[in-house]
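What follows is a set of notes on a single structure, which appears directly below.
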Amino acid sequence: MRAVPTLRQERALLSSGARLVAGMDEVGRGALAGPVSVGVVVVDAATRTGPKGVADSKLLTPAAREAIAPAVRRWAVAWGVGHAGPAEIDEVGIIAALRLAGRRALAQVRQVCGDVDVVVLDGKHDWLSRPALDLFAAADAPEDDVPDPAVRTLVKADMTCTSVAAASVLAKVERDGLLVELAQRHPEYAWDQNKGYSAKAHLDALALHGPTPYHRRSWKLPGTVPEGVPEGAAVEVAAEVAPDGAPVELVDELQGDLPGNLPGTTASVG
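With numbering that gives the first Met the number 0 as the guide, the letters of the sequence shown map in order to residues 0 to 269.
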């Protein structure tokens, strides 16, 4: 039997003086195509136990994730999902892209509940906090005025902290929805099934057809490196992205089609 996540960590932080605590988790980090997406779920001292069935998104079936997501949105004080697109990943690297997506998610919830005091991140590495000003390149410069929250990293937080598990579910549901829609434009890559990851059908299609604007062209993948360009070199991608990092051309088409906080919209009150 798998462990059930709780609000123990979040309540400890709230008892220590935090007004708002957010769980944050990412999906799509290792994908070959599509954005990297970061979900955030905010709780406060009045937040009750999370919805039944909430767990790390990797432990849930697609149907279970879709079923639990509406309850998570109602339960949270605020929630959001931010994205960093393939061109941004190619330009600044995956860690900086995670930071962009996370800060976009924080900007969404800020419009609902104000600034978050503490963010709980899964794992050992703090990819959300911005580096010292003299260390990051211009491409990775802050693009928002969201204050830097305190960050607490916790191994297996997506399995033990309700807010982090809930954030992983919302991010997974939204990103999967985007890839399903993109699959209608490029069915040969089977994104509706593999969600942009390195399944055999995806790799075979890359080798046969080459990359689309939604592929991460700086990665060493079949068909993604143009002739004459060194393996691993960043390649400019013309796909335009919305303020939250999702492909901008999807915004109008997907508005109202996907559940929850769509690209270009703000977070919702729980």
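Think of the CB as a built atom: it goes at the ideal place given N, C-alpha and C, for glycine as much as any other residue. This structure is a prediction, so every number in the text was calculated from the model and none was measured.
Identify whether residue i lies in helix, strand or coil by the three-state DSSP scheme.
{"i": "Glu252", "result": "Low per-residue confidence applies at Glu252: pLDDT is 38, beneath 50, and the placement is therefore not dependable, though the value from the model is reported in the following sentence. Of the three classes helix, strand and coil, the one that applies to Glu252 here is helix, per DSSP."}
{"i": "His208", "result": "helix"}
{"i": "Ala95", "result": "helix"}
{"i": "Leu59", "result": "coil"}
{"i": "Ala21", "result": "strand"}
{"i": "Val236", "result": "Low confidence applies to Val236: its pLDDT is 34, below 50, so where it sits in the model is not reliable, and the reading given next is rough at best. Coil, per DSSP."}
{"i": "Leu12", "result": "helix"}
{"i": "Ala83", "result": "strand"}
{"i": "Val40", "result": "strand"}
{"i": "Val26", "result": "strand"}
{"i": "Trp74", "result": "helix"}
{"i": "Ala32", "result": "strand"}
{"i": "Ile67", "result": "helix"}
{"i": "Trp218", "result": "coil"}
In the DSSP assignment, what are the bridge partners of residue i?
{"i": "Asp89", "result": "Asp89 pairs with nothing; no bridge assigned."}
{"i": "Asp121", "result": "Leu153"}
{"i": "Val3", "result": "None, per the DSSP bridge assignment."}
{"i": "Val108", "result": "Bridge partners of Val108: none, in fact."}
Just to confirm, does residue i get its C-beta within under 6 Å of one of the non-hydrogen atoms of the ligand ADP?
{"i": "Ala182", "result": "This structure lacks the ligand ADP; in fact it carries no ligand of any kind."}
Leaving out the 5 sequence neighbours to the left and right, which residues in its chain are closer than 7 Å to residue i when beta-carbon positions are compared?
{"i": "Ala137", "result": "At Ala137 the pLDDT is 44, less than 50, meaning the model places this residue with poor confidence and gives no usable figure here."}
{"i": "Gly122", "result": "Thr152, Val154"}
{"i": "Ala2", "result": "Met158, Thr159"}
{"i": "Asp143", "result": "Arg102, Ala106"}
{"i": "Val150", "result": "Val118, Leu120, Asp125, Leu127, Ser128"}
{"i": "Ala17", "result": "Asp116, Val117"}
For residue i, which residues of its own chain have a beta-carbon under 8 Å away from its beta-carbon, when the five flanking residues on both sides are left out?
{"i": "Ile93", "result": "Arg28, Val35"}
{"i": "Leu97", "result": "Glu25, Arg28, Val35, Val37, Ala83, Trp126, Leu127"}
{"i": "Arg47", "result": "Trp74"}
{"i": "Val71", "result": "Val40, Gly49, Pro50, Val53, Trp78, Ala165, Val168, Leu169"}
{"i": "Gln8", "result": "Val119, Arg151, Leu153, Ala156, Thr159, Cys160"}
Between which residues of its own chain and residue i is the CB-CB distance below 6 Å, once the five residues before and five after are set aside?
{"i": "Ala54", "result": "Ala164"}
{"i": "Thr211", "result": "His185"}
{"i": "Asp114", "result": "Pro146"}
{"i": "Leu12", "result": "Val20, Val117"}
{"i": "Ala200", "result": "Ala189"}
{"i": "Arg193", "result": "Reading off the sequence, residue 193 comes out as Asn, not Arg. Once the five neighbours on either side are set aside, the close Cβ partners of Asn193 are His201."}
{"i": "Ala44", "result": "Leu13"}
With residue i and residue j assumed to form a contact (beta carbons below 8 Å), what rounded beta-carbon distance in angstroms separates them?
{"i": "Leu178", "j": "Gly81", "result": "Actually they do not touch by this definition, with Cβ atoms about 16 Å apart."}
{"i": "Asp175", "j": "Pro61", "result": "7 Å"}
{"i": "Ala206", "j": "Ala198", "result": "So it is not a contact: roughly 13 Å between Cβ atoms."}
{"i": "Ala166", "j": "Gly22", "result": "5 Å"}
{"i": "Thr161", "j": "Leu6", "result": "5 Å"}
{"i": "Gly195", "j": "Leu19", "result": "So it is not a contact: roughly 32 Å between Cβ atoms."}
{"i": "Glu187", "j": "His214", "result": "Going by Cβ atoms, the distance from Glu187 to His214 rounds to 12 Å, so no, they are not a contact pair."}
{"i": "Asp191", "j": "Ala182", "result": "4 Å"}
Let me see if you follow: with CB-CB separation under 7 Å, is residue i close to chain C or not?
{"i": "Trp78", "result": "Absent here is chain C; the protein component of the structure consists of one chain."}
TODO: Could you pull out every unbroken alpha helix (DSSP H) segment of at least 4 residues lying fully inside the stretch 132–206, listed in chain order?
DONE: 156–159, 161–184, 190–193
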